[in-house]
Amino acid sequence: MAQRKLLLLPGDGIGPEIAAEVSKLIAILNDVVSAGFETETALVGGSAYDDCGEAVSDATMDLAMAADAVLFGAVGGPKWDGVPYDKRPEAGLLRLRKDMELFANLRPAICYPALADASSLKREIIEGLDILILRELTGGVYFGEPKEIVDLGNGQKRAVDTQVYETYEIERIARAAFELARTRRGKVTSMEKRNVMKTGVFWNEVVTRIHREEFPDLTLEHELADAGGMKLVRAPKQFDVIVTDNLFGDMLSDIAAMLTGSLGMLPSASLGKPDAATGRRKALYEPVHGSAPDIAGQGIANPIAMLASLGMCLRYSFAMNREADALDAAISQTLEAGIRTGDIMAEGCTKVGTGGMGDAVAERFEAALSKA
Ligand code: NAD
Ligand code: IPM
Ligand code: MN
């Protein structure tokens, strides 16, 4: 079996705790199906800053560029509140996304049947939910220039962030949305604020053209992002694929996470464009949640978002669909067995910590792989 190179970047806070659980699954894949994963581990975020003064070093960037896939835990925390803006932990993640050109961020929100009562919303609103938020990840206000705080010299300052989108950036994320919708229920909802923002007018125009010219057989709807957010909470099952910009996508995906019961449940895949020669796409997989400083070090974080991110990695980087299905099933079965971390705990269930949840999924995953 050809070697498959993974770069594991645990990061800060609960990052290393959930990364330890994903390593168990990688070892199982190597043992049971000879997957040939070779894992290197490196520092990122605050821990990298403490080590070398940068949130991601050039050497780690080289490893990320050369890897078949990057598995990322989480970065950030109050310890680094005072570090210079361009060296803060989050800057490491942003550099990885930008330099690897990971423009397409897939954030699925699926309600596992066993968790239909864990959401703050009523069971009938979220039962059977399966939506995909596609967030543009390398443009918009996150990266637009100028981005600065200017001293006006009169006792006043002015802070500027710039929302910029060019044609090709919207075209490629729109195509990705339609291609994904084709494999699902065939519907794309584009969200922007064309009533206030020039980038919203332009986003709407480009997505509409790509639909008309290349995907006329699929359904396209438009929502203003604020109303879209409201509808996501009122009746989320009306959506299939939601495509939106970097900042709206950040916010809407945290909202969508709560539909599934906990931020600790939501995985993501960030994909680049296929290489012209090899067809290989650069890719990074990470939970949607952050480093959860409030619970870090206690061994109580839910590792499922991280484990399900490995599932997306198996599917999107290695076409290991059978193994990805086995992992999704192992997560479902674990939840059905009433095994819960604190964030999704319910009456009558068994409360476990991060390691207990990781072991429960690993055991079922190994059994499923061994059977086939
Ligand atoms: P957060 O996602 O870290 O936490 C929000 C809340 O959700 C907290 O109460 C936390 O305990 C809970 N939570 C998150 N993940 C959980 C899990 N796996 N299991 C159980 N509970 C979980 O967001 P925040 O508190 O706003 O940010 C903390 C730090 O993380 C900040 O520095 C932020 O910039 C950073 N952050 C990093 C990433 C990333 O690395 N991708 C993403 C978001 C935020
Ligand atoms: C996310 C996070 C990041 C973002 C931060 C940590 C840079 O919130 O991945 O959702 O804003 O994109
Ligand atoms: Mn976020």
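This note's numbering puts the sequence shown at residues 25 to 396.
Glycine included, every Cβ here is placed at the ideal spot set by N, Cα and C.
query: Rounded separation between D269 and K395 - CA only; result: 43 Å
query: Best match in E238, V99, N345 for proximity to A13 [C-alpha to C-alpha]; result: Nothing can be reported for residue 13, as the shown portion of the chain is limited to 25 through 396.
query: Local Cβ density within 10 Å of Y109, reported as buried at 16 or more and exposed below that; result: exposed
query: Segment contact, 8 Å Cβ cut-off, at least three pairs: the stretch 295 to 302 with the stretch 368 to 386; result: no
query: Local conformation of P298 per DSSP, three classes; result: strand
query: Distance cut 6 Å, beta-carbon to the ligand MN heavy atom: residue list by chain order; result: D274, D278
query: Minimum C-alpha distance to G37 - residue among L334, I324, S341, L393; result: I324
query: D82, buried or exposed, once every other Cβ within 10 Å from all chains shown has been counted against 16; result: exposed
query: Cβ-Cβ separation, V56 to L393 (assumed contact under 8 Å), whole Å; result: 4 Å
query: heavy atom of the ligand NAD below 7 Å from V99 C-beta; result: yes
query: Integer-rounded CB distance, given that A128 should sit under 8 Å from L158; result: 6 Å
query: Three-way DSSP call (helix, strand, coil) for T207 in this model; result: coil
query: Neighbourhood of G362 by C-beta distance below 7 Å, restricted to the same chain and skipping five residues each side; result: G372, C373, T374
query: Straight-line gap, D250 to Q27 (C-alpha atoms, nearest Å); result: 46 Å
query: When G70, T223, M336 are compared against G116, the one with the closest alpha-carbon; result: G70
query: Three-way DSSP call (helix, strand, coil) for K306 in this model; result: strand
query: contact_flag[the stretch 201 to 210, the stretch 226 to 241] where n(CB pairs < 8 Å) is 3 or more; result: yes
query: Length-filtered (3 minimum) beta strand (DSSP E) runs lying within the stretch 289 to 377; result: 291 to 298, 305 to 311
query: S58, DSSP secondary structure in three states; result: coil
query: Range covered by the beta strand (DSSP E) that runs through N228; result: No beta strand (DSSP E) contains N228, which is instead part of the alpha helix (DSSP H) from 222 to 238.
query: contact_flag[the stretch 180 to 190, the stretch 162 to 172] where n(CB pairs < 8 Å) is 3 or more; result: yes
query: Beta-bridge pairing of V174 - partner residues as DSSP gives them; result: R182
query: Distance, D141 Cα to A93 Cα; result: 34 Å
query: Distance CB(T243)-CB(I134) smaller than 8 Å; result: no
query: Residue nearest to M124 in terms of C-alpha spacing, selected from A88, I155, A183; result: A88
query: P113, enclosing beta strand (DSSP E) - first and last residue; result: P113 -> not in any beta strand (DSSP E); alpha helix (DSSP H) instead, spanning 113 to 123.
query: Nearest-angstrom Cα separation, counted from R388 out to A354; result: 5 Å
query: The beta strand (DSSP E) enclosing T243, as first and last residue numbers; result: 243 to 248
query: Cβ pair G100, E114 closer than 8 Å; result: yes
query: Simplified DSSP state of G77, which is helix, strand or coil; result: coil
query: Extent of the continuous beta strand (DSSP E) run through D154; result: 154 to 160
query: Element boundaries [alpha helix (DSSP H), containing L271]; result: 270 to 283
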